[in-house]
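Chemist: When you read off a place in the sequence shown, starting at 1, and then add 275, the result is the number in our numbering.
All C-beta atoms, glycine included, are put in the ideal place defined by N, C-alpha and C.
Before I ask anything, here is the structure I am working with.
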Amino acid sequence: AITIGVGIFVHAVRTQRATVALIAANDNAHLAVEQLAREIRTADTFSMPDPETLAFRNARQESVTYAHNRVEKSIMRNGQPITGANVKIERLQFRGAGLSPSDGIPPFVTIVLRVGVDHPALRTSFTDLQTSVSARIGD
276 AITIGVGIFV HAVRTQRATV ALIAANDNAH LAVEQLAREI RTADTFSMPD
326 PETLAFRNAR QESVTYAHNR VEKSIMRNGQ PITGANVKIE RLQFRGAGLS
376 PSDGIPPFVT IVLRVGVDHP ALRTSFTDLQ TSVSARIGD
């Protein structure tokens, strides 16, 4: 009876730790996407060299590039990670419309993300996120 009780307790503790790790990773990814979206809303002069890279000029007239680092599995802003080490970005893709100054429509970017966590019990568990952002300033 004691062995069963200890086994149940150990399992409950592991499950709780895995759940906390997953919540922390999703919160961190959400903050990174919010930062990216905030910057896109006031940006102009967009370009997408490939589906995993988005470049633009922000409201402070700085050149900014967001990209997926496949090795570190992170979101990079100008070469620096903006996601924590506990977050594993399995996929980051940008899809854009209106990115050319001559097309006459406001820039619109869709961000597609697959988030994982570096936890033994959750190595095959992922959260898929997608959000779309329109720039307030036409380019």
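Is the beta carbon of V390 less than 8 angstroms from the beta carbon of I315?
Modeler: No, they are not a contact pair.
Chemist: Please say whether I350 and L329 have beta carbons closer to each other than 8 angstroms?
Modeler: Taking 8 angstroms as the Cβ cut-off, L329 and I350 do not qualify as a contacting pair.
Chemist: Are the CB atoms of A307 and I357 nearer to each other than 8 angstroms?
Modeler: yes
Chemist: Under 8 angstroms between the Cβ atoms of E327 and A342?
Modeler: It is a contact, given that the beta carbons lie within the stated cut-off.
Chemist: For G371 and K348, what's the separation of their Cα atoms in angstroms?
Modeler: 22 angstroms
Chemist: Report the partner residues of A342 according to the DSSP bridge assignment.
Modeler: T328 and M351
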